[in-house]
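**Student:** Structure provided below as structure tokens; questions to follow.
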Amino acid sequence: MKWFGIALVDPEETRIPTPVGQSCGFCQEPIGAGDRGCTIPHVGDGPVPDVPYHFECHMRLVTGSLAHQQHRCSCYGGDEHDPPGMTLRQAAQAAFRYWLDHREDRPC
Ligand SMILES: [Zn+2]
Ligand SMILES: [Zn+2]
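Sequential numbering from 6 applies to the sequence shown in our numbering.
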């Protein structure tokens, strides 16, 4: 994984220039000059470029949607997805904020 727009924490990780204008692999919105995030190698056939993700969008993929964190999604017998009326990016930011506020509850 490579990071952009973010201070390096781990010297093993690579920092790359922000891929301004490329679509985020989660929300499909373009990466802006001031955004932070990471790129993840696209798993598939052939040589495909790394896919950039906004930091919050990457975290949304790690933590799950807001409904998942609140145990209202299909994993827990519910039927909620990302909140209606929000763009995927807004939903990712909401999920990340919720995770930050509640992460002391869970060891991972
Ligand atoms: Zn995004
Ligand atoms: Zn879930």
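Every residue gets a Cβ at the ideal spot worked out from N, C-alpha and C, and that includes glycine.
Roughly how many angstroms lie between the CA atoms of Pro24 and Pro52, to the nearest whole one?
**Tutor:** Taking the first residue of the sequence shown as 1, we reach residue 24 at position 19. Taking the first residue of the sequence shown as 1, we reach residue 52 at position 47. Approximately 18 Å, taken between the alpha carbons.
**Student:** According to DSSP, is Arg20 helix, strand or coil?
**Tutor:** Residue numbering aside, residue 20 sits at position 15 when the sequence shown is read from its first letter. The three-state reading of DSSP puts Arg20 in strand, counting E and B together.
**Student:** In chain order, what residues of the same chain have a beta carbon less than 8 Å from the beta carbon of Pro54, not counting five sequence neighbours either side?
**Tutor:** Sequence index remark: in the sequence shown, residue 54 carries index 49 (1-based). The residues are His47.
**Student:** With three or more C-beta pairs closer than 8 Å as the rule, is the stretch 30 to 49 touching the stretch 75 to 82?
**Tutor:** no
**Student:** Three-state secondary structure (DSSP) at Cys43?
**Tutor:** The residue labelled residue 43 in the question sits at position 38 within the sequence shown. It is a strand residue.
**Student:** Should Gly69 be counted as a contact of ligand 2 given a C-beta to heavy atom distance under 7 Å?
**Tutor:** Counted from its first residue, the sequence shown places residue 69 at position 64. The answer is yes for Gly69.
**Student:** Distance, Cα to Cα, Glu61 vs Gln27?
**Tutor:** Sequence index remark: in the sequence shown, residue 61 carries index 56 (1-based). Sequence index remark: in the sequence shown, residue 27 carries index 22 (1-based). Cα-Cα distance, rounded: 16 Å.
**Student:** Could you give the DSSP three-state label for Ser79: helix, strand or coil?
**Tutor:** Residue mapping note: residue 79 aligns to position 74 of the sequence shown, counting from 1. Helix at Ser79.
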